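Numbering of the sequence shown is given in our numbering, commencing with residue 75 and proceeding in unit increments.
The C-beta atom is built at its ideal place from N, Cα and C for all residues, glycine as well.
Nothing here was measured: the structure is a model prediction, and the numbers come from that model.
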Amino acid sequence: MTGDERRLFLLKTISNRTTPISASKLATITKVSRQVIVGDVALLRAQGHDIIATRRGYVMHYEDDRFIAKIAVNHTYEQTELELETLVKLGIHIIDVTVGHPIYGELTGQLNIKNLDDVKDFIKELSSRKAELLSSLTQGIHLHTISCPDETSYNQALDALDKLGFIIKNQ
């Protein structure tokens, strides 16, 4: 398989999936190294393909008719699972998390959490890796980009998170 053939295969494979596929798995299928796959994906991105790297692998970003918004929240490490569960129970997808850094500016991590299983997997991975949240850099303050079924569910999410004391309000 030539490089062009492999990149076409990667594009088709990633595009046809609804769940992420890891670079390691793609490397095994195409019989090249993981690093070659990472380079191929970088080339595909440079060509304008909207491929997103998540902690579980690559997915294609598709625009949909959902209501996209950003929310500003503040909570502890221990409250993360409650925050994420509250959102997904309302049908909301958590696309990413962003924090402001005094040197680097905005730092964003892809989450792509869409259901309770994704929440459990994320929390389990945090725990098993003894990882810190990106929001640990900002004492718990962070933004999420969320995708909501509609504006009503967005408002329900704001209300639910506000009742938990997580919403940052204008001072």
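Proximity below 7 angstroms, CB of residue i to CB of residue j
i, j, result
"valine 173", "threonine 212", "yes"
"threonine 128", "asparagine 189", "no"
"alanine 231", "leucine 156", "no"
"isoleucine 177", "isoleucine 220", "no"
"aspartate 114", "arginine 81", "yes"
"valine 133", "isoleucine 142", "no"
"isoleucine 242", "leucine 235", "no"
"serine 96", "glycine 131", "yes"
"histidine 218", "isoleucine 111", "no"
Beta-bridge partners of residue i, as assigned by DSSP
i, result
"glycine 131", "Thr128"
"valine 171", "Gly183, His218"
"lysine 144", "Thr219"
"isoleucine 177", "In DSSP, isoleucine 177 forms no bridge with anything."
"isoleucine 88", "Isoleucine 88 is not bridged to any residue."
"isoleucine 95", "Tyr132"
"isoleucine 241", "Val147"
Straight-line Cα distance separating residue j from residue i
i, j, result
"lysine 237", "leucine 100", "44 angstroms"
"glutamine 184", "histidine 135", "12 angstroms"
"asparagine 229", "glycine 77", "47 angstroms"
"phenylalanine 83", "valine 193", "30 angstroms"
"glutamate 199", "serine 98", "18 angstroms"
"histidine 149", "lysine 105", "44 angstroms"
"isoleucine 166", "histidine 175", "27 angstroms"
"glutamine 109", "threonine 226", "44 angstroms"
"isoleucine 88", "alanine 116", "13 angstroms"
Own chain, CB closer than 7 angstroms to residue i, minus 5 neighbours either side, in chain order
i, result
"isoleucine 103", "none"
"proline 208", "Residue 208 is actually leucine in this sequence, not proline. If we look at leucine 208 and ignore the five residues flanking it on each side, its Cβ neighbours are Val171, Val173, Leu181, Gly183, His216."
"leucine 85", "Leu118, His123"
Beta-carbon proximity list for residue i, same chain, < 6 angstroms, skipping 5 on both sides
i, result
"isoleucine 197", "Glu155"
"threonine 160", "Ala234"
Residue span of the beta strand (DSSP E) that contains residue i, given as start and end
i, result
"glutamine 109", "Premise fails: glutamine 109 lies in the alpha helix (DSSP H), 108 to 120, not in any beta strand (DSSP E)."
Extent of the continuous alpha helix (DSSP H) run through residue i
i, result
"serine 202", "190 to 203"
"lysine 105", "Here lysine 105 belongs to no alpha helix (DSSP H), and DSSP marks it neither H nor E."
"threonine 76", "Neither: threonine 76 is in no alpha helix (DSSP H) and is coded neither H nor E."
"leucine 158", "154 to 162"
Residue i: CB within 6 angstroms of a non-hydrogen atom of the ligand FMN
i, result
"asparagine 229", "Looking for the ligand FMN in the displayed structure turns up nothing, as the structure carries no ligands at all."
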